[in-house]
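Asker:
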Amino acid sequence: MRGGTSKGCMFLKEHLPSDQKEWDKIFLQVMGDPDPKQIDGMGGTVSSNNKVVIVWKSEEENVDIEYLVGQIIVGKSQVDFKSNCGNMTAAVGPFAVEEGLVEVTGNSTTVKLLNRNTNKFINVEVPCENGSIAIEGDCKIAGVDGTDPELKVNFLNPAGAKTGVLLPTGKPLDILDIEGIGKIEATILDVSNPMVLVRAEEVGLKGTESPDEVNANKKASELLEKIRGTAACMMGFAKDLKDATDNSPAVPKVGVFTKPQAFKTIDNTNVLADEMDICVRVVSVFKCHKACPLTSASSISVAAFLEGSLINKDLGGVKEGQTNVRIGHPSGVMTMYPDIQIENDEIKLPGVAVQRTARRIMEGTVFIKD
1 MRGGTSKGCM FLKEHLPSDQ KEWDKIFLQV MGDPDPKQID GMGGTVSSNN KVVIVWKSEE
61 ENVDIEYLVG QIIVGKSQVD FKSNCGNMTA AVGPFAVEEG LVEVTGNSTT VKLLNRNTNK
121 FINVEVPCEN GSIAIEGDCK IAGVDGTDPE LKVNFLNPAG AKTGVLLPTG KPLDILDIEG
181 IGKIEATILD VSNPMVLVRA EEVGLKGTES PDEVNANKKA SELLEKIRGT AACMMGFAKD
241 LKDATDNSPA VPKVGVFTKP QAFKTIDNTN VLADEMDICV RVVSVFKCHK ACPLTSASSI
301 SVAAFLEGSL INKDLGGVKE GQTNVRIGHP SGVMTMYPDI QIENDEIKLP GVAVQRTARR
361 IMEGTVFIKD
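Under the UniProt record's numbering, the residue at position 180 of the sequence shown is numbered 180, and the numbers go up by one with no gaps.
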C-alpha cells in the first residue's frame, strides 16, 4: 500500500510466524536486502519505499487496531522497529476497513489505532461507501500524483513517543558541541518520533535544494549525521556517534529549515514563498527524503508554535489566530494542525492532525526462500 508519501508491505500478524525472531529474515527477503538495488525483492531502494507494517485486531479497550512498523535499512541486513511511520499510519486505517477488521459506520469510519513502536494512539477518519473504503476522491497531497479520498490522521498525545517527554533535554533550544565543527544551535523534540532541527545555513545548505543535491553534498551530509548522532547520544539512543550510525540510523531524524523561499519541486513545479510558513529538508536513514516524513512534519509544526524553539525564534513567532503550519518540502507543501495548550505553565499536546491519502496498490503472495 501507499500511505501518504511512503510505500510498504502490509502483513496481518496472524499470517506471520508466532516467534517474532523469525520476522527479520522474512522482511529482508521480501524487500531484497542487503542488495542496495533490491533487485530480488519488493523494495524501492529508498527509505520511504521500504516499510513493512504488521497489523492485528486489538483486545485493548477503546482500540480497534494495533500495528507495528518496520523500517528496512537499504543495503543492510537490518530492520529497525524503533520508530513509527506517520505516512504508513495513514494506510493502516483503510487496510483495516478493507480487511474487515473494523465495522464500517456510514460515510466515515474512525479507526482507533495503537502504534506498538511508540505505544501512542492515532485516530484515522476513513471515508467509506458501499460498506468499504471510498475509492474516488478530490484530495491531492504533495508528492503523489492524482487525487484520492481524504484521510484525516490525528496523532493523539504524540509528545514523548520514544523518550516520554516533549523536550528530551528539558529545553526548547540547545547548543550542540559538534565534533570537529564547534557549537550549533538546535531544537530537539519528540513528537511521534524524536527529531533534531538546525538551520540550513549552519550546515552549508540553502534549505531549498533537491534531495539529490543534498545527498551529493558530502560535507553537509557528514555534518548532519554528526548532528543527528550527537542528539541521539543526548537522548539516550546511542553511546557515541558510531553507535548512533550503526545501531540507531532511523532515530532521531535530522532536519534543516529556512525561512520561506521559492523553490522547484522534484517534479519541476514552482512553489512560491508565500505558499509556506517554513521550508524544510529532512534526512531519513542517511538520505534526504523526497517529501517530508509525517512524524517529522509533526515535530516541525510543534516547534514552529513552541516559544523559545529555534524555528519559532527565527520565524518571529506565530501570528495571532494561526492554527496551522504550512511546510514547504521537496515535493510541495503540506499543512499540519498542532494543538498546543498551556496549562499551569505546562505544555500540553492533545494532538497533531494532518490531511493524507492512501491506496492499496496490489494484493497477493510474495515468495521467499526457507
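C-beta atoms are modelled at their ideal positions from N, C-alpha and C, and glycine is treated no differently.
Per DSSP, what kind of secondary structure is Asn247 in: helix, strand or coil?
Answerer: Asn247: helix per DSSP, three-state reduction.
Asker: Just checking, does the segment 158-169 make contact with the segment 188-198 on the three C-beta pairs under 8 Å criterion?
Answerer: Yes, they touch.
Asker: Cβ of residue 391 within 8 Å of Cβ of Cys9?
Answerer: Missing from the structure shown is residue 391; the chain here goes from 1 to 370 and no further.
Asker: For the structure I just gave you, are there three or more beta carbon pairs, one from the segment 123-133 and one from the segment 143-156, closer than 8 Å?
Answerer: Yes, the segment 123-133 touches the segment 143-156.
Asker: Taking the CB atoms as reference points, tell me whether Arg2 and Leu68 lie closer together than 8 Å.
Answerer: Their beta carbons are not under 8 Å apart, which means Arg2 does not touch Leu68 by this criterion.
Asker: For Ser108, count the other beta carbons within 10 Å of its own beta carbon; 16 or more makes it buried, fewer makes it exposed. Which is it?
Answerer: Ser108 comes out exposed.
Asker: Report yes if the CB atom of Ile327 is closer than 8 Å to the CB atom of Lys290, and no otherwise.
Answerer: Not in contact: Ile327 and Lys290 (Cβ atoms no closer than 8 Å).
Asker: With distances taken between CB atoms, is the gap from Asn84 to Ala159 smaller than 8 Å?
Answerer: Not closer than 8 Å, so no.
Asker: Between the C-alpha atoms of Asn87 and Asp177, what's the straight-line distance to the nearest angstrom?
Answerer: Answer to the nearest angstrom: the Cα atoms are 32 Å apart.
Asker: Would you decide whether Phe305 is buried or exposed? Buried here means 16 or more other CB atoms lie within 10 Å of its CB.
Answerer: So Phe305 ends up on the buried side.
Asker: Mapping the DSSP letters down to three states, classify Cys233 as helix, strand or coil.
Answerer: Note: Cys233 maps to helix in three-state DSSP.
Asker: Out of curiosity, what's the CA-to-CA distance linking Trp56 and Asp174?
Answerer: Answer to the nearest angstrom: the Cα atoms are 40 Å apart.
Asker: Mapping the DSSP letters down to three states, classify Phe286 as helix, strand or coil.
Answerer: Three-state result, Phe286: coil.
Asker: Is Leu197 near Ala96, with beta carbons less than 8 Å apart?
Answerer: Not in contact: Leu197 and Ala96 (Cβ atoms no closer than 8 Å).
Asker: Can you list, in chain order, the residues of its chain with a C-beta nearer than 8 Å to that of Arg228? Leave out the 5 residues immediately preceding and following it.
Answerer: Val196, Ala244, Pro252, Lys253, Val254 and Val283.
Asker: For Thr357, tell me which candidate among Glu346, Asp339, Met334 and Glu363 has the shortest Cα-Cα distance.
Answerer: For the residues Glu346, Asp339, Met334 and Glu363, the minimum Cα distance to Thr357 belongs to Met334.
Asker: Just list the residues that DSSP pairs Glu129 with in beta bridges.
Answerer: Glu129 pairs with Ser132.
Asker: Sorted by chain position, which residues of the same chain lie with C-beta nearer than 8 Å to Ala262's C-beta, five sequence neighbours on each side aside?
Answerer: The answer, listed in chain order, is Thr208, Asn270, Val271, Leu272 and Ala273.
Asker: Consult DSSP for Leu93 and reduce its assignment to one of helix, strand or coil.
Answerer: Strictly speaking, residue 93 in this sequence is Gly, with Leu absent from that position. Reduced to three states, the DSSP call for Gly93 is helix.
Asker: Taking the alpha carbon of Gly137 as the reference point, which residue from Pro149, Val144, Gly131 and Pro127 has its own alpha carbon closest?
Answerer: The shortest C-alpha separation from Gly137 is found at Pro149.
Asker: Is there contact between the segment 316-325 and the segment 99-108, where contact requires at least three CB pairs shorter than 8 Å?
Answerer: Taking 8 Å as the limit for Cβ pairs, the verdict is that the segment 99-108 does not touch the segment 316-325.
Asker: From the DSSP output, read off the bridge partner residues of Ser2.
Answerer: Checking the sequence shown, residue 2 turns out to be Arg, not Ser. Per DSSP, Lys7 and Arg359.
Asker: Is the separation between the beta-carbon of Lys287 and that of Asn215 shorter than 8 Å?
Answerer: For Lys287 and Asn215, yes; Cβs fall inside 8 Å.
Asker: Under three-state DSSP, which class holds Glu71?
Answerer: Residue 71 is actually Gln in this sequence, not Glu. Here Gln71 sits in strand by DSSP.
Asker: My output table needs one value for Ala291: the three-state DSSP class, helix, strand or coil.
Answerer: Note: Ala291 maps to coil in three-state DSSP.
Asker: Are there 16 or more other CB atoms within 10 angstroms of the CB of Pro194, so buried, or fewer, so exposed?
Answerer: So Pro194 counts as buried.
Asker: In terms of residues, what are the limits of the beta strand (DSSP E) holding Glu185?
Answerer: Element bounds for Glu185: Gly182 to Val191.
Asker: Taking 7 Å as the limit between beta carbons, can you name the residues of its chain near Asn247, skipping five residues before and five after?
Answerer: Cβ neighbours of Asn247 beyond the five flanking positions: Ala238.
Asker: Reducing DSSP to helix, strand and coil, say where Glu116 ends up.
Answerer: It is Arg, not Glu, that sits at residue 116 in the sequence shown. Arg116: coil per DSSP, three-state reduction.
Asker: Considering just the uninterrupted stretch of the alpha helix (DSSP H) at Val214, what are its terminal residues?
Answerer: Here the alpha helix (DSSP H) through Val214 covers Pro211 to Ala216.
Asker: Between Leu205 and the rest of its own chain, which residues show a CB-CB distance below 6 Å, the 5 nearest in sequence each way excluded?
Answerer: Cβ within range, chain order: Ala220 and Val256.
Asker: Considering only residues of the same chain and omitting the five flanking positions on each side of residue 378, which have a CB-CB separation below 8 Å?
Answerer: The displayed coordinates of the chain run from 1 to 370. Any statement about residue 378 would go beyond what the structure contains.
Asker: If you draw a straight line from the C-alpha of Ser296 to the C-alpha of Met336, how long is it?
Answerer: Approximately 11 Å, taken between the alpha carbons.
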